[in-house]
Amino acid sequence: MAMSTRRKLVEWSTAYIFLSPYLFVFGVFTIFAVGYAFYLSFTRYDLFSPPQWMGLRNYLRLLQDEEFMQHALPNTLKYVAVVVPVQTVISLVVAFALDQQIKFRRLFRTTFYVPSVTSSVVIALIFMWMFSRVGVINAFLRTDIDWLNSPAWALPTIMTVNIWSTIGTMMLIFLAGLQDIPVTYYEASMIDGASRLQIFRYVTIPLLRPVIFFVVTMGLIGCFQVFDQIYVMTSGGPLGSTLTIAYLVFKAAFRSTTPQMGYAAAVAFVLAFMIFVVTMIQRRLIETEPYQ
Amino acid sequence: MATTAHALPRYRREAMPVWDRVKMPLFYGVLLLWAIVSLTPFWLSVVYSLMPKENIYDMPPRLLPRPLTLDNYRVVLTSFELFPRWLLNSTIISAVVTLLRTLFCAMGGYAFARLKFPGRNILFILMLSSMMIPGQVYIVPNYLTISKVFHLLDNLLAVILPGVATAFGIFMMTQFYKSIPAELEEAAFIDGASRFTIFFRIILPISRAALITLALFTFQGTWNEFMWPLIVLQTPENFTLPLGLKWFQSEYYTLYSIVLSGSLFNSLPIIIIFFLFQRYFIRSVALTGLKEG
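Chains as they are written, first to last, in the working numbering: chain A, 25 to 316; chain B, 992 to 1284.
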């Protein structure tokens, strides 16, 4: 059906009117923001005098910045390397158990998802109390560790909190993926005499690959950006032991004696680049469509 | 059954009974363990919030509040006047953002799914790409825009304005409108109804499920949001509940029972909403998860 020019024009303007609220937000807070941040990342800007062109000096400064090289970078990598595999494996195991002929499946599923709908600040506050020196965790483990004030234990504590709070969502995604695998695949492999372990290894895991890719990607993105729990529980301390790249962006811009907007923007772009590279690498590792 | 068993290799016949005997207890064990791990922090925080503030570190852990008191809740609601203020701020921000975002994303999604216009594909690709940029990139320029262009620093509108439409919401609604047949609206279109009439009279009513899902996610996200409000809201009177709770905890760290009872005002509404609208939450987590994969 060919449209008349008049009708075309009406349709075009209707579309732009429908999109106008989003285009405003997108134009100002996304497109302009990214461009402006990119420009600022090459400047020194303390909010009082206008931005001063610095060329690549912010990016070069990163390499010599002790906060970045000694704390933020290694802490972020440690954090991602521990949290992503642990949360993925636990949520897969829980989802797998839930995918069996289980009574009260819905009740279990609901229970597991509750931490995921609760605010990160509330979770952080509850865990701060539990992990305090005279708190529940030490009483339960019969230890006497000042978890959040110890440079050795603070980061593992925050990792534990985040693993605990994200597993609900990932478990739900895995469960949906497991339920999507047709029963006939399992029946066929059982008739062929495959063992349970073989079925899991050669049927379940390959069919679940796109879901695993999705969960790991979400996990990576979330872990690289962890902020709330760190702000609430330790503010990057003690002695920089929980300072991450995402937290450093905030700290440089809003918690320095003179605001370092340009440097913060440069750190943010380095973070964005790291997320992009790691996501691409893992896409290679977990091929998405080896079948069909 | 007998023939199937016969066809199986020998090792299977011996291995199966052992596995069959342990598998269900094992699965129930895993599930019960994780249920306990998931709920214990909430349970303990409720129990201790119902005990006097001197008993906040009573060990070994109490599983029931003894002595029982509602004092902490009374303090939260009556003697500390900032708490009701934070509740109100959080409610205003979340309600306005939810309402506007749901409407604007439905409109935008409909345009992308059904209308032809120049720049559609490039806009859609730009929008999807923007979802991959981490939030940290935006905080510096958007703080400057809010403070120097809009002069909205320390104003609730600073939290509302950037949230009224999002790439995720538009994307979700676009996918939804692509999945429903176009015949319904085409009949009306031929009858001479305008796109606006069609959208508000026909499309919005039939997208109820998708709208509720988007509204729930938006409410939950806005109600719990922390980093952006932390950057743009500055005086305690203007804080949202999560900001207020953190501020209260650092000002009065000896009053942890009050922190715990205050926290409940933040987590309970969301948990109740989640229980009431469970199927929407669970369906869409599965949906967005699998569509992307």
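Even for Gly, the Cβ is constructed at its ideal location relative to N, Cα and C.
Every value quoted in this text rests on a predicted model; they were computed, and no experiment measured them.
By the 10 Å Cβ neighbour count, where 16 or more other Cβ atoms means buried, how is A:Arg31 classified, buried or exposed?
For the purposes of this step, residue 31 of chain A is taken as the residue at position 7 of the first sequence. Flag for A:Arg31 reads exposed.
I need the boundaries of the alpha helix (DSSP H) containing B:Trp1214, first residue and last residue.
Here the question's residue 1214 of chain B lines up with position 223 in the second sequence. Its alpha helix (DSSP H) spans residues Arg1199 to Asn1215.
May I ask you to report which of helix, strand or coil DSSP gives B:Gln1225?
For the purposes of this step, residue 1225 of chain B is identified with residue 234 of the second sequence, where counting begins at 1. Looking at B:Gln1225 - three-state DSSP - the assignment turns out to be coil, as it is neither helix nor strand.
Report the option in B:Arg1053, B:Glu1045, B:Phe1187 and B:Leu1024 whose CA atom is closest to the CA atom of B:Ser1036.
Working through the second sequence from its first residue, we reach residue 1036 of chain B at position 45. If we check each option's Cα against that of B:Ser1036, B:Arg1053 comes out closest.
In terms of residues, what are the limits of the alpha helix (DSSP H) holding B:Ile1083?
Along the second sequence, one-based indexing puts residue 1083 of chain B at 92. Leu1073 to Arg1105 is the span of the alpha helix (DSSP H), which, as asked, contains B:Ile1083.
Please classify A:Thr67: does DSSP put it in a helix, a strand, or coil?
One-based indexing of the first sequence puts residue 67 of chain A at position 43. In this structure, A:Thr67 counts as strand in the three-state DSSP scheme.
Counting only Cβ pairs nearer than 7 Å, list the residues of chain B close to A:Asp252.
Position 228 of the first sequence holds residue 252 of chain A. Result: Phe1217 and Met1218.
Measure from the alpha carbon of B:Leu1094 to the alpha carbon of each residue in B:Glu1216, B:Leu1017, B:Gly1154 and B:Tyr1039, then state which is nearest.
The count along the second sequence starts at 1 and reaches residue 1094 of chain B at position 103. The residue with the shortest Cα to Cα distance from B:Leu1094 is B:Gly1154.
Listed from N- to C-terminal order along the chain, which residues in the region 30-41 of chain A have their beta-carbon within a distance smaller than 9 Å of any beta-carbon of chain B?
From the region 30-41 of chain A, only Lys32, Val34, Glu35, Trp36, Ser37, Thr38, Ala39, Tyr40 and Ile41 have a Cβ closer than 9 Å to chain B.
Just to confirm my understanding: we take B:Ser1258, look at its own chain, exclude 5 residues before and 5 after, and list those with CB closer than 8 Å. What are they?
Walking along the second sequence from the start, residue 1258 of chain B turns up at place 267. Around B:Ser1258: Phe1033.
Using a Cβ-Cβ cut-off of less than 7 Å, list which residues of the region 1140-1171 of chain B approach chain A; keep chain order.
Residues passing the 7 Å Cβ filter: Pro1153, Val1155, Ala1156 and Ile1161.
How should B:Lys1014 be labelled, buried or exposed, when 16 other C-beta atoms within 10 angstroms of its C-beta is the threshold for buried?
Translated into positions along the second sequence, residue 1014 of chain B becomes position 23. So B:Lys1014 counts as exposed.
Under a Cβ-count criterion, where at least 16 other Cβ atoms within 10 Å of its own Cβ denotes burial, should B:Ala1173 be classed as buried or exposed?
To locate residue 1173 of chain B, count along the second sequence from 1; it is residue 182. It counts as exposed.
To the nearest angstrom, report how far apart A:Val302 and B:Leu1017 are at their CA atoms.
In the first sequence, residue 302 of chain A corresponds to position 278, counting from 1. In the second sequence, residue 1017 of chain B corresponds to position 26, counting from 1. A:Val302 and B:Leu1017: Cα-Cα distance of roughly 35 Å.
Could you check whether the Cβ of B:Ile1222 sits closer than 8 Å to any Cβ belonging to chain A?
Here residue 1222 of chain B refers to the residue found at position 231 of the second sequence. Cβ-Cβ to chain A under 8 Å: yes for B:Ile1222.
Name the chain A residues whose beta carbon is nearer than 9 Å to that of B:Lys1107?
Reading the second sequence from its first residue, position 116 is the one you call residue 1107 of chain B. By Cβ distance, chain A contributes Met27, Lys32, Glu35, Trp36 and Ala39.
Per DSSP, what kind of secondary structure is A:Trp177 in: helix, strand or coil?
As a position in the first sequence, residue 177 of chain A is number 153, starting the count at 1. A:Trp177 falls in the coil class under three-state DSSP.
Using CA coordinates, which residue listed in B:Phe1187, B:Phe1217 and B:Phe1265 is at the minimum distance from A:Ala148?
The residue you call residue 148 of chain A lines up with position 124 of the first sequence. Minimum Cα distance to A:Ala148 is reached at B:Phe1217.
In three-state terms, what does DSSP make of A:Gln306?
As a position in the first sequence, residue 306 of chain A is number 282, starting the count at 1. Of the three classes helix, strand and coil, the one that applies to A:Gln306 here is helix, per DSSP.
Which residue wins for smallest C-alpha separation from B:Cys1096, given the options B:Tyr1244, B:Leu1267 and B:Thr1204?
Numbered from 1 along the second sequence, position 105 holds the residue referred to as residue 1096 of chain B. Checking every option, the nearest Cα to that of B:Cys1096 belongs to B:Thr1204.
For A:Phe66 versus A:Met78, is the C-beta spacing smaller than 8 Å?
The residue labelled residue 66 of chain A in the question sits at position 42 within the first sequence. The residue labelled residue 78 of chain A in the question sits at position 54 within the first sequence. A contact, by the Cβ cut-off of 8 Å.
Could you please give the first and the last residue of the uninterrupted alpha helix (DSSP H) stretch that includes B:Ala1158?
Taking the first residue of the second sequence as position 1, residue 1158 of chain B is located at position 167. Segment Ala1158 to Ser1170, the alpha helix (DSSP H) holding B:Ala1158.
Taking just the CA atoms, how far does B:Thr1213 sit from B:Leu1023?
Start at 1 with the first residue of the second sequence, and residue 1023 of chain B comes out as number 32. Start at 1 with the first residue of the second sequence, and residue 1213 of chain B comes out as number 222. For B:Leu1023 and B:Thr1213, the distance between alpha carbons rounds to 32 Å.
Please state whether DSSP places A:Gln76 in a helix, a strand or coil.
Position 52 of the first sequence, counted from the first residue, corresponds to residue 76 of chain A. Looking at A:Gln76 - three-state DSSP - the assignment turns out to be strand.
According to the neighbour-count rule (16 or more other Cβ atoms, all chains shown, within 10 Å of its Cβ), is B:His1142 buried or exposed?
Within the second sequence, residue 1142 of chain B is the residue found at index 151, counting from 1. Counting Cβ neighbours within 10 Å, B:His1142 comes out exposed, since fewer than 16 surround it.
Flag this pair as yes or no: are the beta carbons of A:Tyr103 and A:Leu179 separated by less than 8 Å?
Locating residue 103 of chain A in the first sequence gives position 79, where the first residue counts as 1. Locating residue 179 of chain A in the first sequence gives position 155, where the first residue counts as 1. Contact flag set, yes.
Using 8 Å as the threshold, is the C-beta distance between B:Gly1099 and B:Ala1156 below it?
In the second sequence, residue 1099 of chain B corresponds to position 108, counting from 1. In the second sequence, residue 1156 of chain B corresponds to position 165, counting from 1. Closer than 8 Å, so yes.
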